[in-house]
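Inspection log for the structure reproduced underneath, given as structure tokens.
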Amino acid sequence: MAKVKYINISLLTRGIKFINIKMNIIHLWITFIINNFFMPSKNVPGKKGVKRMAARPNRREKKKMLARQKIMDAALQLFVDNGLKETSIAEIMEAADLGTGTFYNYFRSKEDVLEQYIHEKIADARTAIEKTATQPVPASSKLAEILILVSETFQKNSYLTYFFLQLQKSNPTLQAPVGHGMVFKEILLKVIREGQSSGEFKNDIPPEIILELIHGVLWSSLTGANQGNDLTNNIRLKLDLLLHGILNKKG
219 MAKVKYINIS LLTRGIKFIN IKMNIIHLWI TFIINNFFMP SKNVPGKKGV
269 KRMAARPNRR EKKKMLARQK IMDAALQLFV DNGLKETSIA EIMEAADLGT
319 GTFYNYFRSK EDVLEQYIHE KIADARTAIE KTATQPVPAS SKLAEILILV
369 SETFQKNSYL TYFFLQLQKS NPTLQAPVGH GMVFKEILLK VIREGQSSGE
419 FKNDIPPEII LELIHGVLWS SLTGANQGND LTNNIRLKLD LLLHGILNKK
469 G
């Protein structure tokens, strides 16, 4: 008589819980991408943070920038390892090897560390996207690189973004990242029109429709199974199908 194999309910429950958390992260990140990369931007007043310096920073300014970065790096690592609520400012400063009082020279609270980090990642992504859009390469290559930039930002920051979005739910006063949605949308539309003007893309399809399809490529790549392909390759394959179709053109 064959032995009956019993399922480890505890292990199964933990596995289901992990999958649910992961799906929540993906769902919240998709919302985050839509709000910041596809929706109209909002004018958000300036806030305390790192100011871009026109002049070259002197030794004192470099020291301040280094201290701030050490605090941020230590905090983010502890947030990932232990969770935001479970991490104290004292623990952050101990990991950064700096005095506890130094923390408040750069951040209002541990939540502010996360908030400033997310703002910076969105700004960095926008800068990289704008640079990519001006490169002397085919429009299809630009679209692929832009989507890959967004997806790589997801891969590197998914858990921290999840913490931030969860924090926003319980703290409405926390500022959302500065909206770059309209800028990003206009960049994509410009690239699409560029491809249509050069003859690379069909010009009988409204650019807005192509933009919706590109949005679908990003959505499906982040939420769907990769079928053995990494995220970057997944996006390239889907974008290639979108731009060139699956019909075998004859003649």
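Each residue of the sequence shown is one higher than the last, beginning at 219 in our numbering. The beta carbon of each residue, even a glycine, is placed where N, CA and C say it ideally should be.
Can you check which of these residues, the options, is closest to residue i by C-alpha distance?
i: Tyr-335; options: Ile-366, Ser-358, Leu-294; result: Leu-294
i: Pro-425; options: Tyr-380, Asp-448, Leu-361; result: Leu-361
i: Arg-326; options: Asn-421, Ile-427, Thr-371, Met-290; result: Met-290
i: Gln-414; options: Ala-285, Leu-461, Ile-364, Asp-315; result: Leu-461
i: Glu-329; options: Asp-458, Asp-315, Glu-304; result: Glu-304
i: Asp-315; options: Ala-292, Val-401, His-433, Lys-280; result: Ala-292
i: Asp-448; options: Ser-369, Lys-420, Phe-382; result: Ser-369
i: Gly-463; options: Lys-420, Ala-341, Leu-284, Lys-403; result: Lys-420
Report yes if the C-beta distance between residue i and residue j is below 8 angstroms; otherwise report no.
i: Ile-307; j: Phe-297; result: no
i: Ser-358; j: Glu-418; result: yes
i: Val-435; j: Lys-408; result: no
i: Arg-278; j: Tyr-324; result: no
i: Phe-372; j: Leu-302; result: no
i: Ile-432; j: Leu-406; result: yes
i: Leu-332; j: Leu-378; result: yes
i: Ile-427; j: Ser-439; result: no
i: Asn-375; j: Lys-339; result: yes
Who are the Cβ neighbours of residue i in its own chain at under 8 angstroms, not counting the five residues just before and after it?
i: Leu-367; result: Ala-343, Ala-346, Ile-347, Thr-350
I'd like the span of the alpha helix (DSSP H) that includes residue i, first residue to last.
i: Leu-459; result: 449-462
i: Gln-334; result: 328-351
i: Glu-309; result: 307-314
Any idea what DSSP makes of residue i, helix, strand or coil?
i: Gln-295; result: helix
i: Val-355; result: coil
i: Leu-302; result: coil
i: Lys-408; result: helix
i: Arg-232; result: Confidence at Arg-232 is low in this model, with a pLDDT of 49, below 50, so the placement of that residue is unreliable and no value is reported for it.
i: Phe-256; result: Reliability of the predicted coordinates at Phe-256 is poor, the pLDDT of 48 falling under 50, and the value obtained from them is presented with this limitation in mind. Helix.
Tell me which same chain residues have a C-beta within less than 6 angstroms of the C-beta of residue i, skipping the five on either side of it?
i: Thr-450; result: Ile-366
What does a CB cutoff of less than 7 angstroms around residue i pick up in its chain, not counting 5 residues either side in sequence?
i: Glu-471; result: Residue 471 is absent from the model: the chain starts at 219 and stops at 469.
i: Glu-309; result: Leu-296
i: Lys-288; result: Ala-314, Leu-316
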